[in-house]
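Residue numbers (my numbering), protein chains in the order written: chain F, 283 to 482; chain Z, 66 to 258.
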Amino acid sequence: MKCTHYQKLISDRMDGSLSPASQKKLETHLKTCRACRLYEEELKGIEAEIRKLPAVEPENLAVLEGELRERLVRVEAEKRTHKPRSWGLKLAPALAAGAFLVMVALYLLVFNRPAERDQNLDLASLMSFEDSYLALTQTLNSDERLNEVYNEEILNSIFEEVKDLNLEELTYPEDYQEQTIDNDVNINLLTEKSGLSEGL
Amino acid sequence: MIDREQELDLVNRARRGEVEAFMALIRTYQVPIYRLIYRMTGNREDAADLMQETMLKAYTGLKKFKARSGFHTWLYRIAVNETLNFLQRSGREKGKMEYLDEIDTTESGLAVAASPEETLMGEEFRTGLEQALAGLPADYKLAFTLVVFQGLSHSEAAQVLGCSEGTVSWKIHEARKMLREKMRPYLDRAREV
């Protein structure tokens, strides 16, 4: 090993940071190396003088302490004035932002699916239709004349819808026909008994 | 000197807002911290201001103290950061080249003023030594001051400086070499005497 390496070991030994193994190596080297012995001697001389340098003291430590104490007391007073908000209040903005994001995510995931969007719109329109129907019923119940006009309009619109239909082509279930026949028979019996056949 | 248990008790009380507990906690370290900063800045007023700032930061940042290291190590770290920031702000941090330039200038001046009668332990030697110490580059000076003046171990200094023990060891070795070179005229003269 070169002397530069041992010079570093000398420095470490002066600080009490040298391992016993390295110390042994250093001592062996120093026995044979005059330059390193001189190096160590000079460093020790310098550090002996360093320890003799006058210790610097703060000129007005008591005043400095007083000033510091005042500043710390002010810090404490400010802490009490601006008391930290409770966790709930501290988290409120974050919670609000989180809730908003959840709502947006839900809308995108659930309500904004193309396939389901129309159904939801229908549901919405049905709900609004129900509201409208209730409002209309209330209005018609409160105004007789308007009720009549409305009924006429309804009947006209029905006639308009069915005028082009060929009713002959309509098929009916068997029991429907039988029921109709039965009803006709019953009506005939009733009219015969009451002598109202001409009137019908 | 307070023991570890007392120290932690004072730390906890100071965290709860007991100013006097904090004052008791720092009382032991105020002067060493002042001396460290003074070594770095070379100015008493700056050292006093930076010491106050260090203590204030330590008080307001007590929650960050994890007690993994000693309180004094943590306090030194704050002081070092404050001091290095100050030196950087004021453009007073010296690079190695500046230091070497300064050595040449100062050496010639002091060599002329020296007399043969002066010994190694003379006043002039100490003045030269103060100048040599002040002229060390900031990072070398920090490591050297923490270990040689403040008595920290390499391990503690490494914690304060946020580097490895090896780096601390190497920086102190280099600082000693620089000081020896700077003090060469005095050492040679002393040998002649």
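Glycine included, each C-beta is placed from N, C-alpha and C at the ideal position.
field: C-beta neighbour in chain F for serine 229(Z), strict 7 angstroms
entry: no
message: Please list, in chain order, the residues of the region 294 to 323 of chain F that have any C-beta partner in chain Z closer than 7 angstroms.
response: Asp294, Asp297, Ser299
query: Given that a residue counts as buried once 16 or more other Cβ atoms are within 10 Å of its Cβ, and exposed if not, what is tyrosine 205(Z)?
result: buried
field: Residue range of the unbroken alpha helix (DSSP H) whose run includes glycine 231(Z)
entry: 230 to 247
Start and end residues, alpha helix (DSSP H) containing serine 439(F): 426 to 444
field: Candidates Thr138(Z), Pro202(Z), Ala199(Z), of which the one nearest arginine 69(Z) by Cα
entry: Thr138(Z)
query: When the Cα atoms are used, what is the spatial distance from leucine 390(F) to valine 384(F)?
result: 10 angstroms
- prompt: Going by the beta-carbon positions, is the gap between tyrosine 124(Z) and phenylalanine 87(Z) smaller than 7 angstroms?
  reply: yes
query: Within the 7 angstroms Cβ cut-off, does tyrosine 141(Z) reach chain F?
result: no
message: So, does the region 312 to 330 of chain F touch the region 289 to 300 of chain F, judging by three or more C-beta pairs under 8 angstroms?
response: yes
message: Between the alpha carbons of serine 428(F) and leucine 416(F), how many angstroms are there, rounded?
response: The question names serine, but residue 428(F) in the sequence shown is leucine. Spanning the two alpha carbons is a distance of roughly 15 angstroms.
field: Counted within 10 angstroms of its Cβ, other Cβ atoms place glutamine 289(F) as buried (16 or more) or exposed
entry: buried
- prompt: For serine 414(F), does the count of other Cβ atoms within 10 angstroms reach 16, so buried, or fall short, so exposed?
  reply: exposed
query: First and last residue of the alpha helix (DSSP H) that includes asparagine 77(Z)?
result: 69 to 80
query: Taking proline 340(F) as the reference, which of Ala132(Z), Leu127(Z), Arg92(Z) has the closest Cα?
result: Arg92(Z)
message: Output needed for serine 439(F): all residues of its chain with C-beta closer than 6 angstroms, excluding positions within five of it in sequence on either side, in chain order.
response: none
message: Just to confirm the assignment, what range does the alpha helix (DSSP H) spanning glutamine 117(Z) have?
response: 109 to 125
message: Does tyrosine 94(Z) come out as helix, strand or coil in the three-state DSSP assignment?
response: coil
query: Rounded to a whole number of angstroms, what is the C-alpha to C-alpha distance between glutamate 118(Z) and glutamate 257(Z)?
result: 48 angstroms
message: Please classify glycine 156(Z) as buried or exposed, where buried requires at least 16 neighbouring CB atoms within 10 angstroms.
response: exposed
- request: With a threshold of 16 other CB atoms inside 10 Å of the CB of leucine 335(F), please say whether the residue is buried or exposed.
  value: exposed
Reduced DSSP category for arginine 254(Z) - H, G, I as helix; E, B as strand; rest coil: helix
field: Proximal chain Z residues relative to alanine 337(F), where beta-carbon distance stays under 8 angstroms
entry: Arg100
- prompt: Any beta-carbon of chain F closer than 7 angstroms to the one on leucine 149(Z)?
  reply: no
- request: Let me know the secondary structure DSSP gives glycine 380(F) once reduced to three states.
  value: helix
query: Does the beta carbon of glutamate 352(F) sit closer than 7 angstroms to a beta carbon anywhere in chain Z?
result: no
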